[in-house]
Amino acid sequence: MRKIIAYLKERRRYPDAKKVKLKLFDSSAGLLSGIKNKFIGTSFSPPIEASAIIDLRRWPSFQEYFDYVKKKNYKSCIYPYNRAVKKGFYSHRFEFKNFVPDVVAVNQSMPERQGKKMGDNYFLSVDDLGGAPKQFHELTTIENPERFRLFMGVFRKEDGRKQGEVETGEELVGYITLIREGDMIVYNRIIGHGEHLNDGIMYNLHFYIMEWLYGNDPLAQGVNYVMYASYTSGSEGLRKWKKRLEFEPTFLYQQ
2 MRKIIAYLKE RRRYPDAKKV KLKLFDSSAG LLSGIKNKFI GTSFSPPIEA SAIIDLRRWP
62 SFQEYFDYVK KKNYKSCIYP YNRAVKKGFY SHRFEFKNFV PDVVAVNQSM PERQGKKMGD
122 NYFLSVDDLG GAPKQFHELT TIENPERFRL FMGVFRKEDG RKQGEVETGE ELVGYITLIR
182 EGDMIVYNRI IGHGEHLNDG IMYNLHFYIM EWLYGNDPLA QGVNYVMYAS YTSGSEGLRK
242 WKKRLEFEPT FLYQQ
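The sequence shown begins at 2 in this note's numbering and counts up by one.
What follows is the structure, encoded as structure tokens:
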């Protein structure tokens with residue numbers, strides 16, 4: 002009963018929110034098991050909260066999505082994105098084991114975010130996360146293209162930069178952990194280095210991911226939705242970030 006009451010409250014808050022049926026595997030055993038009861042409903046049990054969702058089907062291509070955001074929110078989205086590009090930041094997929102020291106630096110770059118103290122898991126040491134690399138690790142092979150976890154990062158070039166014993170030649174300054182289940186990609190963890198957030202690095206990374214989702218990588222084929230937690234979660238600034246990038250309140254259901 003409490004779950005139904007919570008759902009009805011959300012429906013009143015977002016009367017125009019869409020309902021979406023996801024193509025999911027058995028999410029009780031999948032990578033999204035931790036959010037299923039809260040964000041993903043069934044015909045017998047509605048979701049408790051409206052998710053923040055980008056429906057990729059709204060735009061036929063990345064360029065049309067980019068132009069749409071540009072027309073509505075040039076100053077708040079495209080301007081910082083361009084600033085990041087001009088400062089030499091760029092984004093790509095990376096292997097976590099190769100950048101553990103930089104991951105720790107990013108995680109610990111701010112004691113508070115969105116007005117809240119960072120959780121203990123953000124203060125794990127290099128050793129806690131497996132240690133600095135002693136050899137270069139190739140990108141993890143994804144065996145199931147419709148169920149996986151991978152890492153996308155934003156970087157800047159730094160000749161000779163090393164992580165442990167591995168020369169990477171670049172510094173990781175922000176990353177997003179992506180989880181895919183069926184036709185949805187989830188921003189599971191999104192964090193940027195505090196010194197570079199005003200440089201537009203997370204806009205750079207988001208637009209890179211969106212372009213990747215519209216591209217030809219087999220891992221991106223068949224993705225219809227991008228999710229970033231609850232539509233109302235986070236600070237006012239984070240909620241504006243979601244809205245400007247066309248995340249919409251959406252009620253998710255498993256087929």
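A virtual CB, placed ideally from N, CA and C, is assigned to each residue, including glycine.
Give every residue of the same chain whose Cβ lies closer than 8 Å to the Cβ of Asn83, excluding the five residues on either side of it in the sequence, and list them in chain order.
Excluding residues within five positions, the ones whose Cβ falls inside 8 Å are Gly201.
According to DSSP, is Met153 part of a helix, a strand, or is it coil?
strand
Going by beta carbon distance, what residues of the same chain come within less than 7 Å of Pro219, once the five residues before and after it are set aside?
So the qualifying residues of the chain are Pro146.
Can you tell me whether Met185 is helix, strand or coil according to DSSP?
strand
Which runs of the alpha helix (DSSP H) fall wholly inside the segment 36–124 and span at least 4 residues, in chain order?
37–40, 63–74, 80–87 and 101–108
Beta carbon of Ile1, beta carbon of Met228: below 7 Å?
The requested residue 1 does not occur in the structure, where the chain is confined to residues 2 to 256.
What span of residues does the alpha helix (DSSP H) with Phe248 cover, start to end?
That residue, Phe248, is in no alpha helix (DSSP H); it is neither H nor E in DSSP.
Cutting at 8 Å between CB atoms, please list the residues of its own chain near Thr43, excluding the five before and the five after it.
Tyr254 and Gln255
State the beta-bridge partners of Ser231 as determined by DSSP.
Within the DSSP bridge table, the entry for Ser231 names Ser52 as partners.
Taking Cβ to Cβ, would you say Val127 is nearer than 7 Å to Ile192?
The Cβ atoms of Val127 and Ile192 lie no closer than 7 Å to each other.
Throw me the rounded Cβ distance for the Thr178 and Phe208 pair, which I believe falls under 8 Å.
For a cut-off of 8 Å, the C-beta gap from Thr178 to Phe208 is around 18 Å, too long to register as a contact.
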